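J.:
In the numbering used here, the protein residues as written are -4 to 353.
(1) Grouping DSSP H, G and I as helix and E and B as strand, with all else coil, what is residue 367?
(2) Just the C-alpha distance for residue 55 and residue 208, rounded to the nearest angstrom, thanks.
(3) For residue 195, name the three-state secondary structure that DSSP assigns.
(4) Would residue 68 pass as a contact of residue 95 if the rule is Cβ separation under 7 Å?
(5) Cα separation between residue 58 and residue 1?
(6) Rank 335, 332, 344, 127 by C-alpha distance to the C-alpha of residue 86 and give the top, closest one.
(7) By Cβ distance below 6 Å, which residues in the same chain neighbour residue 53 in space, the five residues on each side in sequence not counted?
(8) Tell whether a beta-carbon distance below 7 Å holds between residue 197 and residue 29.
(9) In chain order, what are the residue ranges of uninterrupted beta strand (DSSP E) at least 3 long that sit wholly in the stretch 146 to 219?
(10) Pull up the distance between the alpha-carbon of residue 182 and that of residue 241, whole angstroms please.
(11) Quick one: give me the first and last residue of the beta strand (DSSP E) that residue 96 is part of.
(12) Using a Cβ-Cβ cutoff of less than 6 Å, which residues in the same chain neighbour residue 51 once the five nearest sequence positions on both sides are dropped?
(13) Quick test of the definition: if touching needs 3 or more C-beta pairs under 8 Å, does the stretch 220 to 231 touch the stretch 338 to 352?
(14) So, residue 138 versus residue 88, is the Cβ gap smaller than 7 Å?
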């Protein structure tokens, strides 16, 4: 099957500064890919090269099996949605959405039908004659999205599409946006620095750091099995321990000696003697009561208890000043107080083992 989009060995330099280094990935028809990373990691530059606003220093960009390097932006059949909505303030919502079709000389009857379909898809019926200034931020973002999808692009590029909105509205629009993108069925790349947004919208995550791809995979794979310390730290919160592989105890399983903490069991293929860092997500650590068992156990002192409505975040210090964190959801656990000495537990299968950098 021909991939809708394929980047091969893309490099981009601005003078002596390397913005993007050896980036390669594909996007399948209808797939939604979240391109995630901190500011300055090269994700927006990558998006701009796909759109045709920047040219790679080296490498190739293929759209529908053909090199796009010689194509202007308007020749690439790409729909664009930006952080700043870039709507025409003097035009009605209807005319804003129709602009791309008019530019492409689509006949008026078909244009009207496609605009009406796009307005219905983004749930803006009744707002057709309003100007952008008469709409809320969320409604303006829907207009920008409708304007992009009405041309029926093969590829959609969204650059921080929800970052200008407040937190509650972002949460609502994440659900709507995924439904709309599924309906349109374009291959989509969403650029964002927001981890939750990336995981909720993308079928696949591509995590970038310093111009390179650190890891790619499904949201579950990247979150549960980070391959580098950067990815583990950037995608969510985690407790960390440093140790050495002591001995294998079964195929794909080993004991790890953590100074002052003791032996920790984990799933790993690394050899005996390897220096490692252990990463445990807060939802995988629990406070043990009498009779409970969870594989690995550690005694720790409660440093802070933060109530967040449906969840409670507990910060602790273990042996050797090891900083730990866990999440308690709802009423699943009795409350703990600052200063309490507790026993925490976590399953070996929930420990990510990363080789320590020298």
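We put the CB at the ideal spot given by N, CA and C, even for glycine.
It should be emphasised that the depicted structure is a prediction, and the values quoted were computed from it without experimental measurement.
T.: With the given structure in hand:
(1) Residue 367 is absent from the model: the chain starts at -4 and stops at 353.
(2) Approximately 16 Å, taken between the alpha carbons.
(3) The answer is helix: DSSP assigns residue 195 an H, G or I state.
(4) no
(5) 7 Å
(6) 127
(7) 6
(8) yes
(9) 150 to 154, 182 to 187, 199 to 204, 207 to 212
(10) 46 Å
(11) Looking at the DSSP string, residue 96 is not in any beta strand (DSSP E); the run it does join, the alpha helix (DSSP H), is 88 to 98.
(12) 5, 7, 44
(13) In short, these stretches touch, since the Cβ pair count reaches three.
(14) yes
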